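J.:
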Amino acid sequence: MAVSETTGPASSDVVIKICGAAGDGSIAAGQILNLAAAGMGYHVMNFDSFPAEIRGFGKSVAHSRISVERVLTPGTMGDCLVALDDPHSITELASLRGNGIVIYDSRPADYHEEDQAVAGWLQPGMIGYGVPLRDLSAEATKGAKSRNIVALGVVSWLFGLDADGFRWAIGKRFGGKSETVRETNIAAFNLGWECAARELDKADPIDFGNVALARVENVSIVSGNEAAAQGCIDAGLRLYAGYPITPATKIMEVLGRKLPATGGVVVQTEDEISAIGHVVGGGFAGKRCATATSGPGLCLMVECINLGVMAEVPAVIIDCQRGGPSTGLPTKTEQSDLNIAIFGASGESPRPVLAPTNVEECYALVLKAFEVAEAFQTPVIVLFDFFLSSRMEDVVWSREAADRFGVYEDFLATPTPEPYARYAITETGVSPRAYPGMPELVHPITGLEHDEHGLPNYSGPVHTRMQRKRQRKLETLLARWPAPEVVGPEGDLEVGIVSWGSTVGAAKNAIKRLSESGMRAGGIFPRLMWPLAGDALREFSARCGMLLVAETNSSGQYAALVEQATHRDVLRVCEAAAMPLPTAAIEAAALKVHG
Amino acid sequence: MAQDPTTLGGTLNAEIVADISAVQQSGLLDYRSEELPTWCPGCGYYGITQALMQALADLHIENRNLAVVSGIGCAGRMPFFVNGYGFHAIHGRALPVAQGVKIAKPELTVLVVGGDGDGLGIGGGHLPHAVRRNVDLTYVLFDNGIYGLTKGQSSPTTPTGQVTGSHPYGNPDRPLDAVTLGLAYRASFMARGYAGKPHELYPIMKQALEHRGFSFVVAITPCVTFDKVNITYDRLRESWVPIPDDHDTSDLGAAMRLALSDKLYYGVFFREDRPTFNDNVEDTSGKARE
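Protein chains in written order, with the numbering used here: chain A, 1 to 595; chain B, 1001 to 1290.
1) Determine which residues share a DSSP beta bridge with A:H63 and list them.
2) Tell me which same chain residues have a C-beta within less than 7 Å of the C-beta of A:T262, skipping the five on either side of it?
3) One question on the structure: do A:A275 and A:V316 come within less than 7 Å of each other, judged by their Cβ atoms?
4) Compare the C-beta of B:L1258 with all C-beta atoms of chain A and state if any pair is closer than 7 Å.
5) If we cut at 7 Å on Cβ distances, does A:K508 have a partner in chain B?
6) Which first and last residues belong to the alpha helix (DSSP H) in which A:G342 is found?
7) Of all the residues that make up the segment 1254-1281 of chain B, which are near chain A by a beta-carbon distance shorter than 9 Å?
8) Taking Cβ positions only, does A:G277 come closer than 7 Å to chain B?
9) Tell me whether B:T1049 sits in a helix, a strand or coil according to DSSP, three-state version.
10) Taking 6 Å as the limit between beta carbons, can you name the residues of its chain near B:A1055, skipping five residues before and five after?
11) Could you list which residues in chain A have their beta carbon closer than 8 Å to that of B:V1101, in chain order?
12) With respect to 6 Å, is the separation between the Cβ of B:G1119 and the closest non-hydrogen atom of the ligand GDP below this value?
13) Buried or exposed for B:C1259, please, with buried defined as at least 16 other CB atoms from any protein chain shown within 10 angstroms of its CB.
14) Can you find a C-beta in chain B that's less than 7 Å from the C-beta of A:G447?
15) Would a C-beta distance cut-off of 7 Å place A:G143 and A:L84 closer than the cut-off?
16) Which chain A residues are close to B:V1097, counting only those with a beta carbon under 7 Å from its beta carbon?
17) My output table needs one value for A:W481: the three-state DSSP class, helix, strand or coil.
18) Short check: CB of A:P415 to CB of A:E440, under 7 Å?
19) What residues in the segment 1235-1253 of chain B have a beta carbon less than 9 Å from any beta carbon of chain A?
20) When you compare each of A:T552, A:G277 and A:P350 to A:K469 by their alpha carbons, which one comes out closest?
21) Does A:L239 get closer than 7 Å to chain B when you measure Cβ to Cβ?
22) Tell me the rounded alpha-carbon separation between A:S106 and A:D48.
23) Sorted by chain position, which residues of the same chain lie with C-beta nearer than 8 Å to A:L614's C-beta, five sequence neighbours on each side aside?
24) Any C-beta of chain A sitting closer than 7 Å to the C-beta of B:G1121?
25) Which residues in the same chain have their Cβ closer than 7 Å to the Cβ of A:T7, if we skip the five residues on either side of it in sequence?
26) Let me confirm a value: A:I32 is counted as buried when at least 16 other C-beta atoms fall within 10 Å, else exposed. Which label applies?
27) Identify which residue in A:A138, A:L338 and A:A36 has its Cα closest to the Cα of A:A214.
28) Output, in chain order, the set of chain A residues within a Cβ distance shorter than 8 Å of B:T1150.
29) Report buried or exposed for B:T1049, applying the criterion of at least 16 other Cβ atoms within 10 angstroms of its Cβ.
30) Between B:K1105 and chain A, is the shortest Cβ-Cβ distance under 7 Å, so that the two count as touching?
31) My understanding is that B:T1358 touches B:G1213, with C-beta atoms under 8 Å, so please give their C-beta distance in whole angstroms.
32) Exposed or buried, A:Q557, counting other C-beta atoms within 10 Å across all chains shown (16 or more means buried)?
33) Under the rule that 16 or more other beta-carbon atoms within 10 Å means buried, what is A:L354, buried or exposed?
34) Any C-beta of chain B sitting closer than 7 Å to the C-beta of A:E575?
35) Applying the 10 Å Cβ sphere with the 16-neighbour rule, what's the burial state of B:A1014?
36) Let me confirm a value: B:H1060 is counted as buried when at least 16 other C-beta atoms fall within 10 Å, else exposed. Which label applies?
What follows is the structure in structure tokens.
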């Protein structure tokens, strides 16, 4: 088969998909691939898709992007498909580039009808490499289970990805297992590598040249959810209460393992209402508390979050968004909970909403959410989504790096001769806080409208004053929070892209491509979604010929807020298509309007 | 503290002055805030409050370490009348909030109060789970068989057939019995008392506060404004009997038979010592550190 010289992928960036039936080990192989590449000093991003059902007929695909530069998006089209199961892999060919590579089993166990063998479905331009994966696996481990590891040997040889790096990663992956397990898997890898070296004629141009950029032994490859759990721990979380829900559950599982050793507690509650009830109760008691959920759970939590706003109790709520409405698409990504996060409440219930844009920020912003919650005495919602929660990146994080989002301090009361006023009216809106156990500051708090002492009061002037006070806290936060990230050249822009959360990676990619094609393009990417950075948005908008808002939902929820702030129509680039909004969609929208 | 009662208008006879002085010296007022209760004159809640205050005073619970958590309803107003940290939360969620308070800060004495609508209606799903976690709380359910704050609709404990604001032709639903439920969930302390006899309710409250684990006290209490037929002082005076002295409080079956009998028993039905949630936290934390 011929290789297209002009459109072949660059050897500094490759997307590899490992496809099998659920249970074939494609996800495990992807994890080893990521770890190996990150250990060599490359950047990786991994975004798997697997069925909602645990095992069975479902297709399971590990999707990894390996690059010399920091990876912004997982890429929609694969450069290489490793087929561990032929029928499932046939359906995956559609997401392989026209000149893509397929590594398949040349001697599968069952005779495939011609139309069931993936090799028979390669399009002209694609390159197929047949390797007896099953036979080599049997040689190494007396079974078919290590076909995935054999395939990694082939990948290593084919793309010039350092074999020692893989052996190190395999050793780490099976670190908890017996010596035999580690050795037989390394043997499986070696057999794949040797067979490829012996049998294959390399016909594709992808070659990393066996260069390890830098040995990074302490690299961690973590998902957004794992990063969130670490952010909770480093913030000094004392109580996590949660109810299992995809895609947030992993946060509870990681905390269940790690939090008790730090003296913190994990409670699995009977439902999400109880979970947020525990969190608000623990916040009232003066401790750092959090919960994580997804859209359906957030719906149940709204009333208690509203209580936290009214009674001014700190709480951290991580919402790992998924496709909705209702039970929706539990294992698919979407950014459609922005409205409920900001506005979901009876009455007017101002609370901060944060949105990280990558895995490192999942750590940093969760850490900051605790500080903000305490300093401003309010629930804080952090918006993740399935894509951020479950994708993995190589990250290096630190508390100090998180401080780029500011440092926020608790404001505690001290006893005075005057009766303590829990809700004293102040310029910042923040009143000195006290909690049970503190002497001489005993007071009630309530979800009823109340006076400065926390006693129920329904008078017009008190309600007005208290509403303004709660609103003022957010204005104070906005003034202290760093200005949103702005990218692109200074001065006038032909195209300005506003984006948030997990879509920011694609937006940055699009800006890069548009700039390469000669357009003056830039972007603004707030992490503080609410209160709205109105001044910064207006200032940016004033520089833009065209203003485009990119997000992964179908109505353009953030776009509506940007329109409100900037008093201009924006171009909504939004789509809820059960996958992250692709770079190409943003790029195409900009090009289409701009001509 | 409240205004000096001896200076209240007019002359007070010596007997009343003596009574007031006795109350002032009893320590009961240490647990009262300056807020006057919003409850109707004659409401059973005054009796329950008196029993609670007496128990708190006996146990010398420090005000700063007392947290009273409630939901919504007439009983939900209690935190405003107590000299302690109070959280008047939202309808039905007193137990989740209170568990969070106690788990986060185990050194606090956490008292949860609420009505039958709050605890068995909207919040009914939380009770079994608070019970099975055995979080060290004292939960006093003010059972008056009616929704009082919303002015007289049927509650989960309103008897079948009773005419109420929401059921003008009679309540069609069967009532729940809080004691039977508590025993079925196996609350580690299960008792019932009567607001009309605070002196008998007080020792029950004291035992409940002393018990390590989830203490569930059902306080039967008349709503003098919206229930003239079911839970009334007149009717309860007749039907109210103490649990027999020979009842074995470690016998769950015997406790259940008492609860299911036609008689309205008061006293401690069941109690057992088992690890509390916070005990289990210690255990988990030890395992994690190994």
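All C-beta atoms, glycine included, are put in the ideal place defined by N, C-alpha and C.
Computed from a predicted model, the values in this text were never measured in an experiment.
T.: On the basis of the supplied data:
1) One-based indexing of the first sequence puts residue 63 of chain A at position 63. DSSP lists A:K17 as partners of A:H63.
2) Numbered from its first residue, the first sequence carries residue 262 of chain A at position 262. Within the same chain, A:T262 has close Cβ partners I233.
3) Here residue 275 of chain A is taken as the residue at index 275 of the first sequence, counted from 1. Here residue 316 of chain A is taken as the residue at index 316 of the first sequence, counted from 1. Cβ atoms of A:A275 and A:V316: not closer than 7 Å.
4) The sequence position of residue 1258 of chain B within the second sequence is 258, counting from 1. Chain A, which has no Cβ nearer than 7 Å to the Cβ of B:L1258, makes this no.
5) The residue labelled residue 508 of chain A in the question sits at position 508 within the first sequence. By this cut-off, A:K508 is not an interface position.
6) In the first sequence, counting from the first residue as 1, residue 342 of chain A sits at position 342. With the sequence shown as reference, residue 342 of chain A is identified as Ile, and Gly is not the correct amino acid for it. L338 to F343 is the span of the alpha helix (DSSP H), which, as asked, contains A:I342.
7) F1277, N1278 and V1281
8) Numbered from 1 along the first sequence, position 277 holds the residue referred to as residue 277 of chain A. Answer yes: the Cβ-Cβ gap between A:G277 and chain B drops below 7 Å somewhere.
9) For this step, residue 1049 of chain B is matched to residue 49 along the second sequence. Correct three-state label for B:T1049: helix.
10) Along the second sequence, one-based indexing puts residue 1055 of chain B at 55. So the list reads Y1202, M1205, K1206 and L1209, once near-sequence residues are dropped.
11) Here residue 1101 of chain B refers to the residue found at position 101 of the second sequence. Residues of chain A passing the Cβ test: G281, G282, F284, A285 and P436.
12) Of ligands this structure carries none, so the ligand GDP is not represented either.
13) On the second sequence, position 259 is the one that residue 1259 of chain B refers to. It is worth fixing the name first, because residue 1259 of chain B is Ala in this sequence and not Cys. The residue in question, B:A1259, is buried, as its Cβ has 16 or more Cβ neighbours within 10 Å.
14) Looking up residue 447 of chain A in the first sequence gives position 447. For A:G447, the answer is yes, since a Cβ of chain B falls inside 7 Å of its Cβ.
15) The sequence position of residue 143 of chain A within the first sequence is 143, counting from 1. The sequence position of residue 84 of chain A within the first sequence is 84, counting from 1. No. Outside cutoff.
16) Position 97 of the second sequence, counting from 1, holds the residue named residue 1097 of chain B. G277, V280 and G281, listed in chain order.
17) Here residue 481 of chain A refers to the residue found at position 481 when the first sequence is read from its first residue. Correct three-state label for A:W481: coil.
18) To locate residue 415 of chain A, count along the first sequence from 1; it is residue 415. To locate residue 440 of chain A, count along the first sequence from 1; it is residue 440. Contact flag set, yes.
19) none
20) Position 469 of the first sequence, counted from the start, is the residue given in the question as residue 469 of chain A. Considering only alpha carbons, the answer is A:P350.
21) Counting from one through the first sequence, the residue named residue 239 of chain A turns up at place 239. Cβ-Cβ to chain B under 7 Å: yes for A:L239.
22) Along the first sequence, one-based indexing puts residue 106 of chain A at 106. Along the first sequence, one-based indexing puts residue 48 of chain A at 48. Cα-Cα distance, rounded: 25 Å.
23) The structure shown does not extend to residue 614 of chain A, since chain A is modelled only from 1 through 595, so no value can be given for it.
24) The residue given as residue 1121 of chain B occupies position 121 in the second sequence. False, the Cβ-Cβ gap to chain A never drops below 7 Å.
25) In the first sequence, counting from the first residue as 1, residue 7 of chain A sits at position 7. Note on A:T7: pLDDT 36, under 50, position unreliable in the model; the coordinate value appears next. For A:T7, where only same-chain residues beyond five positions count, the Cβ hits under 7 Å are N99.
26) If you number the first sequence from 1, residue 32 of chain A lands on position 32. Under this definition A:I32 is a buried residue.
27) As a working mapping, residue 214 of chain A is identified with position 214 in the first sequence. When each option's Cα is compared against that of A:A214, the closest is A:A36.
28) Start at 1 with the first residue of the second sequence, and residue 1150 of chain B comes out as number 150. Neighbours of B:T1150 on chain A: none; closest Cβ ~15 Å, over 8 Å.
29) Translated into positions along the second sequence, residue 1049 of chain B becomes position 49. Looking at its Cβ environment, which holds 16 or more other Cβ atoms inside 10 Å, B:T1049 is buried.
30) By one-based count along the second sequence, residue 1105 of chain B stands at place 105. Judged by the 7 Å Cβ criterion, B:K1105 is in contact with chain A.
31) Since the displayed chain B opens at 1001 and closes at 1290, residue 1358 of chain B lies outside it and no answer follows.
32) Position 557 of the first sequence, counted from the start, is the residue given in the question as residue 557 of chain A. Buried, since its Cβ has 16 or more Cβ neighbours within 10 Å.
33) Mapped onto the first sequence, residue 354 of chain A falls at position 354. So A:L354 ends up on the buried side.
34) Stepping through the first sequence from its first residue, residue 575 of chain A is reached at position 575. With 7 Å as the cut-off, A:E575 does not count as an interface residue toward chain B.
35) As a working mapping, residue 1014 of chain B is identified with position 14 in the second sequence. When all chains shown are included, B:A1014 counts as exposed.
36) The residue given as residue 1060 of chain B occupies position 60 in the second sequence. By the 10 Å Cβ count, B:H1060 comes out exposed.
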